[in-house]
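Chemist: Could you have a look at this structure, given as C-alpha cells, before my questions?
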Amino acid sequence: KSDASEGFAQIIDFLFGSYIHYALTVSPHIYISSIKKFWNTAVVNRSGDVTRLQALVDKKKIVIYEDVIREILHLDDAEGMVCLPNEEIFAALAQMGYEKPSTKLTFYKAFFSSQQKFLIHTILQSLSAKRTSWNEFSTTMASAV
C-alpha cells in the first residue's frame with residue numbers, strides 16, 4: 009500500500025483477503041475477436057443441476073462449466089452463499105458507514121464515503137447488467153459489496 013491509497017486501506021485489505029482477489033488481478037491474454045465469436049453463438053444449456061455455456065468458435069465447439077470458471081479464477085467459493093440474508097446486508101452496510109438506515113432493498117451510493125462510492129462504482133461497472141441507474145443497486149449487488 010502506498011500513500012496514494014490513504015483512505016482506501018479498508019477496501020484494499022478487503023480485496024486482498026477476498027476470494028475474488030485472483031479473479032480481479034489476473035491478466036490473461038484475451039482476444040476480442042474470439043470473445044465476440046463466442047458470445048455471438050453462445051447458448052445456456054441446463055441438465056439437472058449442471059449449467060453450461062456452449063458456443064461455436066471457428067467451427068470448434070466450446071463448452072464452459074461453472075466449476076471450470078471457479079477453478080480457473082481460483083474462486084474457491086463453490087459452497088458459498090448466493091445472496092446474504094437482508095439482516096446481514098443491513099448490518100454490514102451500517103458497519104461500512106452507510107448513512108441512511110433503511111429496510112428498503114435499494115441502496116444509494118450517495119450515502120457512502122467517497123472511497124466506498126468508488127468501489128461500488130467499479131463493481132457496478134464490472135458486474136452489472138446495466139439495466140438500472142448507476143446511482144442505485146439491488147440486494148444482490150449489496151451482497152457482492
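Adding 8 to a residue's 1-based position in the sequence shown gives its number in this note's numbering. Where a beta carbon is used, it is the ideal one built from N, C-alpha and C, also for glycine.
Evaluate contact between the region 73-88 and the region 20-29, counting only Cβ atoms and requiring at least three cross-stretch pairs below 8 Å.
Modeler: Yes, the region 73-88 is in contact with the region 20-29.
Chemist: Our contact map puts Gly105 next to Phe126 with C-beta atoms below 8 Å; I'd like the distance itself, whole angstroms only.
Modeler: Going by Cβ atoms, the distance from Gly105 to Phe126 rounds to 14 Å, so no, they are not a contact pair.
Chemist: If you follow the alpha helix (DSSP H) that Ala102 is in, where does it begin and where does it stop?
Modeler: Run containing Ala102: Asn94 to Gln103, per the alpha helix (DSSP H) assignment.
Chemist: Assuming the contact rule is C-beta atoms closer than 8 Å, Phe16 and Gln103 should be a hit. Round their C-beta distance to whole Å, please.
Modeler: Wrong, their Cβ atoms sit about 17 Å apart, outside the cutoff.
Chemist: Measure how close the beta-carbons of Val71 and Lys45 come, nearest whole angstrom, since I'm counting them as under 8 Å.
Modeler: 15 Å between Cβ atoms; not a contact.
Chemist: His37 to Thr111, Cα distance in whole Å?
Modeler: Near 44 Å, if we compare the C-alpha coordinates of Thr111 and His37.
Chemist: Count the other CB atoms, across all protein chains shown, that sit within 10 Å of the CB of Phe115; report buried if there are 16 or more and exposed otherwise.
Modeler: That one is buried.
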